[in-house]
Amino acid sequence: MLFSYFMRGEEERIFLEKMPIDLYYGPGSSPCRIVLLAAKSIGVELNLIPLNLMEQEYLKPEFVKINPQHTVPTINDNGFVMWESRAIIKYLQDAYGKNESLYPKDAKKRAVVDQRLFFDRDLYAHFHEVYNKKTFSGSPPDPANVETANKDLAFLDKILETSEYVAGDHLTLADLSLVVQISNLEAVKHDVSLKM
Ligand SMILES: N[C@@H](CCC(=O)N[C@@H](CS)C(=O)NCC(=O)O)C(=O)O
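Using my numbering, read the sequence shown as starting at 803 and increasing by one per residue.
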């Protein structure tokens, strides 16, 4: 056993000695699903640490010590702590991606992916104004919020008029991020066919 360990190449030894990356997450949370989906696509293994969001486990002192903003997803890569789903997936790709396809290195191509990721952040926030604790407990959403959110869908349609993918001619991190939001809309039966 020990012999075979020392017979292994340096790279593999470093890999074996490295602890897996911890992901603090809430099952079902949209931003956490972005990280789970991207990590799978990048090929990174994560050590999943669930936090019960309903019980506000994110406020536990040991978690607040790691992430003072106490949001999930949060990763801990051997002491390197990062939160914000889209920042996390860009880091995972840059640090562990086997090729650059999901997040091109070319400045212009990368900028397009980044623009779509920021667009997705806004889309997520706008739909959060429509579907939240208040509206799920019966209050009707403010029509102005619905209009703003639907406008984002119309912009997305526009982007997809010329390409099957949101940032160029192949799948990128931006598709993986946006698809989480769009699948949520299917789950709440939002009419995504609405045109502005
Ligand atoms: N923009 C953040 C949003 C993270 C976020 O708000 N996560 C929620 C769960 S879905 C959370 O941690 N809530 C607890 C808190 O804000 O203290 C991201 O994309 O990671």
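Beta carbons are placed, not taken as given, at the ideal position from N, Cα and C, and that holds for glycine.
Note that the structure is predicted; figures quoted are calculated from it, not measured.
Residues near residue i by beta carbon distance below 6 Å, same chain, minus five either side
i: L987; result: V994
i: P833; result: P875, S887
i: N849; result: P822, D824
i: M803; result: In this prediction, M803 scores a pLDDT of 39, lower than 50, which makes its location untrustworthy; no coordinate-derived value is stated.
C-alpha gap between residue i and residue j, whole angstroms
i: D959; j: K953; result: 10 Å
i: D924; j: A956; result: 14 Å
i: H930; j: R835; result: 16 Å
i: L839; j: V982; result: 9 Å
i: A909; j: G940; result: 46 Å
i: G845; j: Y826; result: 18 Å
i: D971; j: I851; result: 35 Å
i: G881; j: K892; result: 18 Å
i: D916; j: L894; result: 15 Å
i: T937; j: P943; result: 6 Å
i: F865; j: T964; result: 44 Å
i: K935; j: M856; result: 12 Å
Per DSSP, cross-strand counterpart(s) of residue i
i: G970; result: Y967
i: I851; result: Y826
i: M884; result: I877
Cβ shell of residue i (< 7 Å), same chain only, five flanking positions each side left out
i: R912; result: Y905, P906
i: Y807; result: With a pLDDT of only 46 at Y807, under 50, the local geometry of the prediction cannot be trusted, and the value read off the model is given with reservation. Cβ neighbours of Y807 beyond the five flanking positions: none.
i: K900; result: G845
i: I890; result: V837, P875, I877, M884
i: V914; result: A969, G970
Unbroken beta strand (DSSP E) run spanning residue i, endpoints
i: D879; result: 876-879
Residue interval of the alpha helix (DSSP H) (run including residue i)
i: N947; result: 945-962
i: L980; result: 975-989
i: V915; result: 909-932
i: L839; result: 832-844
i: E857; result: Counting along the chain, E857 falls outside any alpha helix (DSSP H), and DSSP gives it neither H nor E.
i: K900; result: Element bounds for K900: n/a, residue is neither H nor E.
Selection from the options that minimises the alpha carbon distance to residue i
i: A841; options: P942, F865, I823; result: I823
i: E859; options: G828, N878, I891, G845; result: G828
i: H928; options: A909, V883, S941, P945; result: P945
i: W885; options: S903, K900, I868, M856; result: I868
i: I984; options: T873, Y926, L975; result: Y926
i: Y898; options: D879, V883, A951; result: D879
i: Y933; options: I877, E966, H992, F920; result: H992
i: N854; options: E847, V990, D922, S831; result: S831
i: F921; options: E966, T950, P870, A989; result: T950
Same chain, Cβ closer than 8 Å to residue i, five either side skipped, listed in chain order
i: V968; result: R918, L958, I961, L962, T974, A976, D977, L980
i: L861; result: H872
Fill in: Residues with C-beta closer than 5 Å to any heavy atom of ligand 2, in chain order
Ligand 2 is absent from the structure shown, which contains only ligand 1.
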